[in-house]
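Below is one structure; the comments refer to it alone.
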Amino acid sequence: MDTSGRVFELWVYLSTSPLLWLTVTIGAYIAAQRLAALSGFNPIVNPVLISVVLVISILAVTGTSYSTYFDGAQFVHFALGPATVALAVPLYRNRTLIRQNFVPVIVALIAGSLTAIVCATGVAILLGAPDSVAISLAPKSATAGIAVGISQQLGGDPALTALLVIFTGVLGAIIVTPLMNLLRIRNYAARGFAAGLTSHGIGTARAFQVNEIAGTFSGLAMALNGILTSAIAAIVLGILL
Amino acid sequence: MEGLFVILVCQLIGEIVVRTLDLSMPAPALGIVLLLVYLWFADRSAGSGDGAAHTRVSGVADTLLKNLGVLFVPLGVGVMQNYRLIHDYAGTIVIAVVVSTIVTLIVTVGAFLLASRLFGAEGTGDGH
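So the protein sequences, as listed, match chains L and R. Numbering-wise (UniProt numbering), the first sequence opens with residue 1 and increments by one. Numbering-wise (UniProt numbering), the second sequence opens with residue 1 and increments by one.
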């Protein structure tokens with residue numbers, strides 16, 4: 001057999017094997033992280049967003065379907081569940097901090113969580129979006145592992161929600177610092193809490209770059225908002241839709 | 001290994017409860033609550049304030065959380081399947097996300113500061 005025949009045969013084998021697409025997923029993320037580091041961790045250069053674009057481009061060029069890709073990528077995807085459960089650890093570790101700031105934490109959590117759901121869904125309904133789009137928007141401030149589950153259970157589009165979660169994360173990470181400076185807010189606990197509640201893990205990564213306390217409060221807000229959003233999303237949507 | 005086991009068991013119990021009771025809540029969200037309860041009880045029964053249970057789980061937990069970003073990628077790539085929905089409602093989606101992100105940031109930070117002032121919490125930030 002000639003060389004090109006062998007290469008083709010190898011490609012036919014590899015392109016449907018989980019190994020290739022698992023490797024591509026992790027490779028794309030590492031490349032994206034390098035880019036982010038080169039940019040000095042500018043929030044616009046978000047590694048998740050870049051990896052998604054990179055992987056979609058590779059799939060498009062090679063004519064690979066999403067289901068073939070997912071056969072490999074599911075091994076990474078699976079870890080999202082345990083990683084979400086793991087949010088309990090920073091929450092537990094900082095329980096003294098929560099106790100010391102109990103009232104502001106609870107008040108900001110309830111106010112922020114409700115605002116995130118009502119505002120996104122409300123704007124979409126006012127602009128005439130169908131229910132599936134409005135539902136997909138509702139949990140977008142929650143961390144991806146939870147938001148996608150909510151969207152799926154309530155009749156939204158899980159993949160759209162995943163993208164909206166990333167979009168909200170990147171946007172919040174970009175605007176939180178200039179916005180808070182503009183509002184002359186110097187309480188880093190409050191700033192961080194807002195960043196994590198609105199923009200989950202991406203906001204928390206950003207908050208840790210700005211200030212240690214902001215980062216810790218951001219992590220707390222991410223975990224708490226994930227729990228609260230999953231508890232109230234169905235009720236709030238029941239009223240709005 | 002034990003830490004991973006504990007995390008998986010919490011998720012598994014979450015899954016069983018959600019499906020049995022037909023709750024409209026993702027299993028990992030319940031898993032967070034279960035893991036919190038586990039850590040609290042395990043530390044209590046070990047008789048230490050911040051004891052072994054926390055340390056056992058935190059290694060795995062920190063590794064998972066440090067790499068949270070890559071775990072979103074397979075879901076994000078799923079968008080290629082329904083780009084039409086995004087294409088058709090791009091304007092609405094962008095406006096809804098931008099407006100709600102700004103409003104949520106302001107409401108959350110405002111609520112936190114207001115509650116701190118009204119209830120005189122210790123506060124950890126500098127200034128107000």
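By construction, the Cβ of each residue, glycine as well, lies at the ideal position given by its N, Cα and C atoms. Keep in mind the model is a prediction, meaning the values are calculated, not measured.
Interface residues of chain R facing residue i [CB-CB closer than 9 Å]
i                      : result
L:Ala129               : Tyr89, Thr92, Ile93, Ala96
L:Ala207               : Neighbours of L:Ala207 on chain R: none; closest Cβ ~12 Å, over 9 Å.
L:Arg34                : Under the 9 Å cutoff, chain R gives no residues; its nearest Cβ is about 13 Å from L:Arg34.
residue 242 of chain L : One cannot answer for residue 242 of chain L here, as it falls past the ends of chain L, which runs 1 to 241.
Residue from the options with nearest C-alpha to residue i
i        : options                               : result
L:Ser141 : L:Arg186, L:Asn94, L:Val170, L:Leu197 : L:Leu197
L:Ser17  : L:Leu87, L:Leu49, L:Gln74, L:Thr96    : L:Gln74
L:Val236 : L:Gln100, L:Trp11, L:Val76, L:Ser113  : L:Ser113
R:Val37  : R:Ile16, R:Gln11, R:Leu23             : R:Gln11
L:Leu87  : R:Asn67, R:Ala115, R:Thr20, R:Ser24   : R:Asn67
L:Arg34  : L:Thr23, L:Leu22, L:Val48             : L:Val48
L:Ser65  : R:Leu113, R:Val97, R:Asn82            : R:Asn82
L:Val210 : L:Thr161, L:Met222, L:Gly192          : L:Gly192
R:Met80  : L:Pro158, L:Leu91, L:His200, L:Ala231 : L:Pro158
L:Gly122 : R:Ser100, R:Val18, R:Leu113           : R:Ser100
R:Pro26  : L:Ile239, L:Ala111, L:Gly63, L:Ser230 : L:Ser230
L:Leu109 : L:Phe217, L:Leu241, L:Ile239          : L:Phe217
L:Ala205 : L:Arg184, L:Ile44, L:Asn101, L:Ala162 : L:Ile44
L:Pro104 : R:Met1, R:Phe119, R:Gly91, R:Ala96    : R:Phe119
L:Gly156 : L:Ser136, L:Val7, L:Gly145, L:Leu164  : L:Ser136
L:Val170 : L:Ile150, L:Leu154, L:Ala144          : L:Ala144
R:Val33  : L:Leu228, L:Thr96, L:Thr68, L:Leu241  : L:Leu228
L:Ala120 : R:Ser116, R:Arg117, R:Val98           : R:Val98
Neighbouring residues, chain R, relative to residue i (Cβ below 8 Å)
i                      : result
L:Gln153               : Ser24, Met25, Pro26
L:Thr115               : Ser100, Val103, Thr104, Val107, Thr108
residue 282 of chain L : A question about residue 282 of chain L goes unanswered here, because the residues of chain L that appear run from 1 up to 241.
L:Ile26                : Val70
L:Ile166               : Phe72, Gly76
L:Val236               : Here the premise fails: no neighbours, minimum Cβ distance about 12 Å.
8 Å Cβ cut-off: residues of chain L touching residue i
i       : result
R:Ile7  : Pro82, Val85, Ala86
R:Leu85 : Ser132, Val133, Asp157, Leu160
R:Ser58 : Val89, Arg93
R:Ile32 : Thr84, Val85, Leu87, Ala88, Leu91, Ala223, Gly226, Ile227
R:Ala46 : Those within 8 Å of R:Ala46 in chain L number zero; the least Cβ separation is about 14 Å.
R:Met1  : Within 8 Å Cβ-Cβ: nothing; R:Met1 doesn't reach chain L, min ~13 Å.
Listed by chain order, chain L residues near residue i by CB distance under 9 Å
i       : result
R:Ala42 : Near R:Ala42 there are no residues of chain L at all, since even the closest Cβ is about 10 Å away, more than 9 Å.
R:Val17 : Chain L residues near R:Val17: none, gap ~13 Å exceeds 9 Å.
Interface partners of residue i on chain R, CB under 7 Å
i        : result
L:Ser141 : Thr104
L:Val210 : Correct list: empty, because the minimum Cβ distance to chain R is about 12 Å.
L:Ser39  : Result: empty, since nearest Cβ-Cβ is about 15 Å, beyond 7 Å.
L:Ile150 : Pro26
L:Ala144 : Phe72, Leu75
Closer than 7 Å at the beta carbon, the chain L residues around residue i
i       : result
R:Leu21 : Within 7 Å Cβ-Cβ: nothing; R:Leu21 doesn't reach chain L, min ~13 Å.
Beta-carbon neighbours of residue i, restricted to chain C and to distances below 7 Å
i        : result
L:Val123 : Any reference to chain C falls outside this structure, whose protein chains are L and R.
Residue i beta carbon near the ligand GDP (any heavy atom closer than 7 Å)
i        : result
L:Asn211 : Ligands in the displayed structure: none, and consequently the ligand GDP is not present.
- Query: Could you give the uninterrupted runs of the alpha helix (DSSP H) lying entirely in the segment 125-154 of chain L, keeping only those of 4 residues or more?
  - Reply: 131-137, 144-154
- Message: Please identify, using Cβ separations under 7 Å, the residues of the segment 6-18 of chain L that lie next to chain R, in order along the chain.
- Response: none
- Task: Write down every uninterrupted run of the alpha helix (DSSP H) in the segment 166-219 of chain L whose length is 4 residues or greater and which is fully enclosed by it, in chain order.
- Result: 188-210
- Taking only runs of the alpha helix (DSSP H) that begin and end inside the segment 44-114 of chain R, which ones reach a length of at least 4 residues, in chain order? 52-66, 68-77, 83-88
- Residues of the segment 42-66 of chain L with a CB closer than 7 Å to any CB of chain R: list them in chain order, please. Pro47, Val48, Ser51, Val52, Val55, Ile56, Leu59, Tyr66
- Ordered list of alpha helix (DSSP H) runs contained in the segment 9-47 of chain R, each at least 4 residues: 27-46
- Sequence ranges, alpha helix (DSSP H) only - wholly within the segment 60-129 of chain L, length at least 4: 66-78, 80-85, 88-93, 95-100, 102-126
- Using Cβ-Cβ distances below 7 Å, what residues of the segment 99-112 of chain L are close to chain R? Gln100, Asn101, Val103, Pro104, Val107, Ala108, Ala111, Gly112
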